[in-house]
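Peer 1:
Residue numbers (the numbering used here): 24 to 247.
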């Protein structure tokens, strides 16, 4: 399928990711930076992008078992993402665990401008990218993205809570600016592959966790 930058809407009462994740912290999600006295003014580096207390709390809860989140995530994939694929697709391969992004004021959440298929990330070229913000994503606290590969016409991907974005992150360069909004942006991003395009022999691994890009490791599979 052709991948173009598209903003879609969903029902936050049915998929209330903000409420589910918000229970982990004292402050509202866009103000979670007030929950820690740690100095995060030093800009993150590749493979250290997730080294904050906010990530630790999230991933610890996930490892302990968090059906309130994982069940809603899979339901969202089935009901919102799968229908975007071509009608003939009977299976969908999707990222097992969504990537958790915390873009703190005066910092970045992705250290390098990149495309997911580049030499530092090596994602399969068949992937389709999605961003699902849990807070308002705008201006310098959101992802900046070029509209076509190598065009370098970077613009902010402004997305509200209750919206999600499909984009061609595998081939188009994207990244972050220093967050000057004074608000934290929290979001999920995840990737899917139409079942007919999945390559079980793809041999690369994810940059941060060393997971193979295979069903049972980085991916899960669902059928219509």
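Beta carbons: idealized from backbone N, C-alpha and C, even for Gly.
Remember, it's a predicted structure, so these values are computed and weren't measured experimentally.
Would you say residue 241 and residue 116 are within 7 Å of each other, going by their C-beta atoms?
Peer 2: Their beta carbons are not under 7 Å apart, which means residue 241 does not touch residue 116 by this criterion.
Peer 1: Can you list, in chain order, the residues of its chain with a C-beta nearer than 6 Å to that of residue 186? Leave out the 5 residues immediately preceding and following it.
Peer 2: Result list for residue 186: 30, 32, in chain order.
Peer 1: Since I believe residue 55 is in contact with residue 40 (beta carbons under 8 Å), could you give me their beta-carbon distance rounded to a whole number of angstroms?
Peer 2: So it is not a contact: roughly 15 Å between Cβ atoms.
Peer 1: For residue 50, which three-state DSSP category applies?
Peer 2: In the structure shown, residue 50 sits in coil (DSSP, three-state: anything other than H, G, I, E or B).
Peer 1: Would you grab the beta carbon distance between residue 189 and residue 153 for me? Rounded to a whole angstrom, and I think it's under 8 Å.
Peer 2: Confirmed, about 6 Å.
Peer 1: Is the separation between the beta-carbon of residue 171 and that of residue 196 shorter than 7 Å?
Peer 2: Not a contact, by the Cβ cut-off of 7 Å.
Peer 1: Are the beta-carbon atoms belonging to residue 16 and residue 151 less than 7 Å from one another?
Peer 2: Past the edges of the chain, shown from 24 to 247, lies residue 16, and the structure says nothing about it.
Peer 1: Short check: CB of residue 164 to CB of residue 126, under 7 Å?
Peer 2: The answer is yes: Cβ separation under 7 Å.
Peer 1: How is the beta strand (DSSP E) around residue 22 delimited, first residue to last?
Peer 2: The question about residue 22 has no answer here: the residues shown for the chain are numbered 24 through 247.
Peer 1: Whose C-alpha, out of 217, 79, 111, 112, is nearest the C-alpha of residue 59?
Peer 2: If we check each option's Cα against that of residue 59, 79 comes out closest.
Peer 1: Give the secondary structure of residue 152 by DSSP, where H, G and I count as helix, E and B as strand, and everything else as coil.
Peer 2: Three-state result, residue 152: strand.
Peer 1: Residue 137 bridges to which residues according to DSSP?
Peer 2: Answer by DSSP bridge pairing, in chain order: 197.
Peer 1: Inspect the beta-carbon positions of residue 155 and residue 166 and report whether they are closer than 7 Å.
Peer 2: No, the pair does not count as a contact, with Cβ atoms beyond the cut-off.
Peer 1: Would residue 92 be called buried (16 or more neighbouring beta carbons within 10 Å of its own) or exposed?
Peer 2: Buried, because 16 or more other Cβ atoms sit within 10 Å of the Cβ of residue 92.
Peer 1: Report yes if the C-beta distance between residue 137 and residue 144 is below 7 Å; otherwise report no.
Peer 2: In this structure, residue 144 lies closer than 7 Å to residue 137 by Cβ.
Peer 1: Strictly by DSSP, which residues pair up with residue 188?
Peer 2: According to DSSP, residue 188 bridges with 30, 154.
Peer 1: Quick check for students: name the residue ranges of the alpha helix (DSSP H) that lie wholly in the region 62-121, counting only runs of 4 or more.
Peer 2: DSSP runs (the alpha helix (DSSP H)) wholly in the region 62-121: 76-87, 90-99.
Peer 1: So is residue 224 buried or exposed if we call it buried at 16+ other beta carbons inside 10 Å?
Peer 2: That one is exposed.
Peer 1: Please report how far the alpha carbon of residue 105 lies from the alpha carbon of residue 233, in whole angstroms.
Peer 2: Approximately 26 Å, taken between the alpha carbons.
Peer 1: Hey, out of 230, 38, 34, 28, whose CA is closest to residue 135's CA?
Peer 2: Among 230, 38, 34, 28, the Cα nearest to that of residue 135 belongs to 230.
Peer 1: What residues match up with residue 235 in a beta bridge as DSSP calls it?
Peer 2: DSSP lists 228 as partners of residue 235.
Peer 1: On the CB-based measure, 16 or more other CB atoms within 10 Å of its CB, does residue 98 come out buried or exposed?
Peer 2: Under this definition residue 98 is an exposed residue.
Peer 1: Is it the case that the Cβ atoms of residue 193 and residue 140 are separated by a distance below 7 Å?
Peer 2: For residue 193 and residue 140, yes; Cβs fall inside 7 Å.
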